[in-house]
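Report on the following structure.
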Amino acid sequence: MRRRSALVAMVLLLLTATASVPLGLSMPPLIVRLAYQIEQRGIVYSWGGGHAAAPGPSKGTCRGYKGRIKPCPAARTRGLDCSGFARWVYALAHGEDVLGPGNTDDHVRKMRRVSSARPGDLVFFGKVGKRSVRTHHVGIYLGDGKMMNAPETGAVVRVDRIRGKKDFAGFYRL
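Numbering-wise, the sequence shown is residues 301 to 474 according to our numbering.
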């Protein structure tokens with residue numbers, strides 16, 4: 301009988317202790333959760349999309365377009381390009397347009413490079429030097445070598461492996 305009482309007491313103690321642990325410890329950061337919510341919408345890539353006055357899907361532009369699908373579909377396609385996607389997710393997470401309507405070069409200049417990435421950081425591709433910045437792609441780091449991004453014309457916002465892209469420039473944090 302004593303053993304049973306001690307066992308019941310121990311179980312109650314363990315239940316009380318584990319119930320007091322905050323649930324948010326293993327929850328992904330808001331930026332990552334928002335990126336996954338947007339991915340589920342099936343939003344298409346549009347060159348220049350996401351760069352209207354307010355962040356979010358918008359019609360793109362054919363100015364500077366070098367995609368493989370001809371003629372350029374961006375001017376008639378409502379969607380996001382890579383920097384438009386990052387801009388929208390960060391605006392939703394921060395409650396304001398913290399990255400602004402610029403391109404990947406403009407966005408990387410607002411960030412600081414970090415050596416150890418955390419989910420929610422931005423991962424840039426291209427060349428970032430002390431005097432010049434020439435980036436061509438950005439994604440949201442999810443962890444485990446993966447990023448969420450708007451990759452190219454004809455695709456939707458999706459998860460890709462970082463090592464699958466050329467010209468890794470680094471991880472950046474606001």
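Backbone N, C-alpha and C fix where the C-beta goes; we use that ideal spot for every residue, glycine too.
Residue range of the beta strand (DSSP E) that residue i falls in?
{"i": "Ala469", "result": "468 to 473"}
{"i": "Tyr365", "result": "Unbroken run through Tyr365: none, as it is neither H nor E."}
{"i": "Thr377", "result": "Run containing Thr377: none; DSSP gives neither H nor E here."}
{"i": "Asp421", "result": "Taken as a continuous stretch (DSSP letters only), Asp421 belongs to no beta strand (DSSP E), as it is neither H nor E."}
{"i": "His437", "result": "433 to 443"}
{"i": "Met327", "result": "Counting along the chain, Met327 falls outside any beta strand (DSSP E), and DSSP gives it neither H nor E."}
{"i": "Arg463", "result": "Segment: none, Arg463 is in no beta strand (DSSP E) and carries neither H nor E."}
{"i": "Val344", "result": "From DSSP, Val344 is part of no beta strand (DSSP E); its letter is neither H nor E."}
{"i": "Lys446", "result": "446 to 449"}
Near residue i, what residues of its chain come up, given a Cβ to Cβ distance below 6 Å and the 5 sequence neighbours on each side ignored?
{"i": "Tyr390", "result": "Val398, Leu399"}
{"i": "Ala455", "result": "Tyr345"}
{"i": "His351", "result": "Gly384, Pro401"}
Output yes or no for whether 7 Å exceeds the beta carbon distance between residue i and residue j.
{"i": "Phe380", "j": "Pro357", "result": "One point to set straight first is that residue 380 is Leu, not Phe, in the sequence displayed. Against a cut-off of 7 Å, the Cβ pair of Pro357 and Leu380 comes out as a contact."}
{"i": "Ser383", "j": "Thr404", "result": "yes"}
{"i": "Ala353", "j": "Thr361", "result": "no"}
{"i": "Arg418", "j": "Gly470", "result": "no"}
{"i": "Arg378", "j": "Pro355", "result": "no"}
{"i": "Ala450", "j": "Val459", "result": "no"}
{"i": "Val332", "j": "Gly395", "result": "no"}
State the CB to CB distance for the pair residue i and residue j, rounded to an integer number of angstroms; the pair is presumed to be in contact (CB under 8 Å).
{"i": "Lys410", "j": "His437", "result": "Not confirmed; about 17 Å, so no contact."}
{"i": "Ala393", "j": "Leu330", "result": "5 Å"}
{"i": "Met448", "j": "Glu339", "result": "6 Å"}
{"i": "Lys359", "j": "Arg376", "result": "7 Å"}
{"i": "Ile369", "j": "Thr453", "result": "5 Å"}
{"i": "Gly426", "j": "Asp467", "result": "5 Å"}
Among residues of its own chain, excluding the 5 on either side of residue i, which ones have a beta-carbon nearer than 7 Å to its beta-carbon?
{"i": "Gly445", "result": "Arg461, Ile462, Arg463"}
{"i": "Val408", "result": "Phe424, Val428, Val433, Thr435, Tyr472"}
{"i": "Tyr365", "result": "Trp347, Cys372, Ala374"}
{"i": "Pro328", "result": "Pro419"}
Assuming residue i is part of the alpha helix (DSSP H), what are its boundary residues?
{"i": "Asp397", "result": "Per DSSP, Asp397 belongs to no alpha helix (DSSP H) and is neither H nor E."}
{"i": "Ile338", "result": "330 to 339"}
{"i": "Val408", "result": "404 to 409"}
If I measure Cβ to Cβ from residue i and keep anything under 8 Å in the same chain, skipping five residues before and after, which residues do I get?
{"i": "Arg363", "result": "Gly348"}
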